[in-house]
């Protein structure tokens, strides 16, 4: 039995990160392979990296982010986080097959490479250069024996471009991969432009799971509600919440309001709140995905200003499934009341998901066996 080893963002206390990891693991295991995660936990992601010489605007910003991450890590150690980390650790322990060896940096991975026949990098924004660190070659599988096959699955740049200072290194790292799959449509020409390679446009691994996520823990309440899940900014979101709440008569629940009630949720509870919602409002990629998976009426609220490049991930998904009408922002004039009441054709959408899933499964099988 071939041993498949995945490297991705499996460890952050982030709902999307945890569930995309679970999705890819389940998809590969279902094909009959032995699969586990390389437990890579670099400091620059978990608690901020080291400071660098402040020679330009980028390095100064990187230092600020690193200091912020260090402070937040220390704060969590001293004050705790209300049990959120414990919820995620329980999910990791129970639902993810994680190898026993933990790696802190690329040098560690190169010195003691994980045993495996195939390395897979993906999914999530593993190819998005972080402001505090830049490119991490580990997420391009730049370690291990030359005999190991290396493939990506639905790797994401997070935005439709690579900053000029990272383009050369990104091209060098992608080019040797045995098979390339990316998560956003814009990444296909991006990869070809960087290194001349063809890439497959594949769905996020959460769409590879076709059992309806029975592991979701639904809330112990029979009240109808709108579930609001936002990241980075709540700009324009509150207006949408008020509009939909007024129209439907449902109350609005979010992870923040649950926290105020001393209820910390992990990935399974988050899934449950989405699964049981009467309407979903989100500016999150995975919030959008699970709205579609659970056949919920939803709005994807676009981020504004400098953050609008982050909309690319959800817009790419909505375009693929032909439901871009669910995108709302302060820039586009739509009748929110009419759109909220409009029924979404989930039979058509899920038929498209099934085809995309089948294509992705074929890509994975061919890439692993080829």
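Residue numbers (full-length UniProt numbering): 1 to 370.
Glycine included, each C-beta is placed from N, C-alpha and C at the ideal position.
*Compare the beta carbon distance of residue 289 and residue 204 with 8 Å and say whether it is the shorter of the two.*
yes
_Short of 6 Å in beta carbon distance, which residues of its chain neighbour residue 369, apart from the five on each side in sequence? Order them along the chain._
Only residues of its own chain outside the window of five on either side were considered, and among them none has a CB closer than 6 Å to the CB of residue 369.
*Looking at the structure shown, is residue 127 part of a helix, part of a strand, or coil, going by DSSP?*
coil
*asked:* Check this for me: beta carbons of residue 148 and residue 119, under 8 Å apart or not?
replied: yes
_Residue(s) in a DSSP beta bridge with residue 201_ = 182
*asked:* Let's test the definition: count the other Cβ atoms within 10 Å of the Cβ of residue 198 and tell me whether it reaches 16, buried, or not, exposed.
replied: exposed
_Own chain partners of residue 209 with C-beta closer than 6 Å, once the 5 adjacent residues on each side are dropped_ = 23 and 26
*One or two residues paired with residue 282 in a DSSP bridge*: 229 and 300
*Starting from residue 100 and walking both ways along the beta strand (DSSP E), at which residues does that stretch end?*
98-103
_Boundaries of the alpha helix (DSSP H) in which residue 195 is found, first to last residue_ = 187-195
*If we call anything under 8 Å between Cβ atoms a contact, is residue 140 one with residue 173?*
yes
*Whole-Å CB distance - residue 265 paired with residue 87, under 8 Å assumed*: 7 Å
*Indicate, with yes or no, if the ligand MG has a heavy atom lying under 7 Å from the CB of residue 246.*
Looking at this structure, you won't find the ligand MG or any other ligand, since it has none at all.
*residue 135: which of 211, 156, 183 and 287 sits nearest, CA to CA?*
The candidate whose alpha carbon is nearest that of residue 135 is 156.
*When burial is assigned at 16 or more other CB atoms within 10 Å of the CB, is residue 316 buried or exposed?*
buried
*Mind reading off the beta-carbon distance from residue 122 to residue 171? Whole number of angstroms is fine, and I expect it under 8 Å.*
With a Cβ gap of about 18 Å, residue 122 and residue 171 do not count as contacting.
*Which of helix, strand or coil does DSSP assign to residue 175?*
coil
*Taking residue 164 as the reference, which of 146, 144, 362 and 128 has the closest Cα?*
128
*Is residue 314 helix, strand or coil by DSSP?*
helix
*asked:* Rounded to whole angstroms, what is the Cα-Cα separation between residue 195 and residue 238?
replied: Answer to the nearest angstrom: the Cα atoms are 43 Å apart.
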